[in-house]
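S.K.:
Numbering (the numbering used here), first residue to last: 222 to 472.
(1) Start and end of the alpha helix (DSSP H) containing residue 308?
(2) To the nearest angstrom, how far is the alpha carbon of residue 230 from that of residue 300?
(3) Pull up the distance between the alpha-carbon of residue 319 and that of residue 292, whole angstroms please.
(4) To the nearest angstrom, how far is the alpha carbon of residue 400 from that of residue 427?
(5) With DSSP run on the structure shown, which of helix, strand or coil describes residue 399?
(6) Report the three-state DSSP secondary structure of residue 444 (helix, strand or coil).
(7) Measuring alpha carbon to alpha carbon, tell me which of 268, 366 and 383 ends up nearest residue 392.
(8) At the level of alpha carbons, what is the spacing between residue 360 and residue 294?
(9) Is DSSP giving residue 460 helix, strand or coil here?
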């Protein structure tokens, strides 16, 4: 079992998991260590770091805008990794980005350059399950996380969860990320089905932005992923106030 999977499984035995997403470098890469430390202090089980990309098909307006801010500050995957090689995180880090970024860098080279960092996994939304072998052989002890969509039938869910690593990212809406979402009436039932067949933690993500959302999803899942709400707060209010916001959501 890979380190990220073991860490999250152990943690999920005693508490609900909170995994925040932030766009790396949206406020400048010099702020990244401070942002990571704040989220760890607020109880993050792991932290997803978004890699800015020119065509982010799964991202809503807030995260797209954050990516543009990162681009404006000339953030690249190479620069991000250089920063990650110099800082420490008290919780595992997960790089979330699109396949072109990682393939352009080179998977073997990427994993080698991340070896002395706290990055323990990857989320690649546009990499189909059927093509995971394009990266798996070169990942070593890094986990490749799986997304399960609302449209996945029972057989597909069982297939996706059978060899999953880290945690199952159970997508709660059809479409892009963002805080202004209307959840399906049968969503909790769907999440319960995913949870029933998964041997690793199942976290709900996309559109989660309030303490009410968190409490609802915690009924059937091992935790939640929150992205757009935190990304917007970091832009508008800075690190300290965002820490207060996270504490309020999880009060």
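Ideal placement from N, C-alpha and C gives every residue a C-beta, glycine not left out.
M.R.: The structure says:
(1) First-last for residue 308: undefined, no H or E at that position.
(2) 31 Å
(3) 15 Å
(4) Legend: pLDDT at residue 400 = 49, less than 50; position of this residue unreliable, value from coordinates given subsequently. Roughly 8 Å between the two C-alpha positions.
(5) Note that residue 399 scores a pLDDT of 49, beneath 50, so its modelled location is shaky and nothing firm can be said.
(6) strand
(7) 366
(8) 29 Å
(9) helix
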